[in-house]
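Structure record follows, encoded as structure tokens.
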Amino acid sequence: MPKPLPIRIVLGTWDRLRDDAYLVRHEVFVVEQAVPVEVELDDDDSLSVHAVAYGPDNVPVATGRLLPDGHIGRMAVRKSARGTGVGGQVLDALITQGHGDGHRMLLLHAQTHARGFYEAHGFTAEGEEFIEAGIAHVAMTRALGN
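The sequence shown maps to residues 504 to 649 in this note's numbering.
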């Protein structure tokens with residue numbers, strides 16, 4: 504198992520973080536998972552708060568976004584950083600942002616292989632599996648306290 508990376512997480516707008524967030528997302532979704540670019544990029548990017556994690560060499564290693572409706576999405580970790588805890592740190596930053604924004608409930612569509620990861624962060628699966636961008640997913644929610 505890779506050892507934990509010393510990372511820095513930056514939250515911001517798409518305008519600010521586009522290049523670094525897209526670098527990670529393109530590598531994971533488009534190259535590894537064969538998601539079409541026109542599906543991976545959408546109009547929600549400009550509306551969302553983005554989180555980008557930077558490794559010790561200041562290279563982006565993970566990303567995710569929080570939409571105004573409390574939906575977390577586009578969670579991606581580069582292969583070299585998987586298993587280091589960086590994905591959980593990005594998710595925690597987005598959960599904290601959602602709480603600060605006043606959301607009472609967060610939701611996401613988890614790829615089914617990542618269900619346990621999200622469950623470990625307090626999310627609960629809701630309903631049946633479904634296909635999104637050609638990949639099996641499950642809807643998950645997490646209630647936030649006051």
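Virtual Cβ for every residue (Gly too), placed ideally from N, Cα, C.
Computed from a predicted structure; not experimentally measured.
Residue range of the alpha helix (DSSP H) that includes residue i
i: Gln536; result: Note, Gln536: premise wrong, no alpha helix (DSSP H); not H, not E.
i: His602; result: 589–603
Within-8 Å CB hit, residue i to chain C
i: Gly637; result: Given the protein chain composition of this structure (a single chain), no chain C is represented.
Rounded straight-line distance, which links the Cα of residue j to that of residue i
i: Gly603; j: Leu514; result: 13 Å
i: Leu526; j: Gly630; result: 32 Å
i: Glu535; j: Gly637; result: 13 Å
i: His612; j: Val538; result: 15 Å
i: Lys582; j: Asp560; result: 16 Å
i: Asp518; j: Phe532; result: 20 Å
i: Thr516; j: Val562; result: 18 Å
i: Glu622; j: Glu632; result: 15 Å
i: Thr587; j: Val540; result: 27 Å
Among the options, the one whose alpha carbon lies nearest that of residue i
i: Phe620; options: Leu526, Pro509, Ala636, Val580; result: Val580
i: Arg568; options: Lys582, Arg645, Val552, His612; result: Val552
i: Ala565; options: Val533, Val540, Gly573, Asp523; result: Asp523
i: Thr599; options: Leu550, Ile575, Glu541; result: Ile575
i: Glu635; options: Val542, Asp572, Phe626, Val562; result: Val542
i: Gly573; options: Gly605, Val589, Val531; result: Gly605
i: Leu520; options: Val540, Glu530, Ala617, Ser549; result: Ser549
Distance CB(residue i)-CB(residue j) smaller than 8 Å
i: Ile510; j: Gly558; result: yes
i: Arg577; j: Arg528; result: yes
i: Ala554; j: Leu597; result: yes
i: Leu570; j: Asp547; result: yes
i: Ala639; j: Arg607; result: no
i: Thr462; j: Thr615; result: Only positions 504 to 649 of the chain appear in this structure, which leaves residue 462 out of reach.
Assumed close pair residue i, residue j - CB separation to whole angstroms, cut-off 8 Å
i: His624; j: Gly591; result: 6 Å
i: Ala556; j: Val593; result: 5 Å
Enclosing beta strand (DSSP E) for residue i [first to last residue]
i: Gly619; result: It is not in any beta strand (DSSP E) - Gly619 instead sits in the alpha helix (DSSP H) that spans 618–622.
i: Val513; result: 511–515
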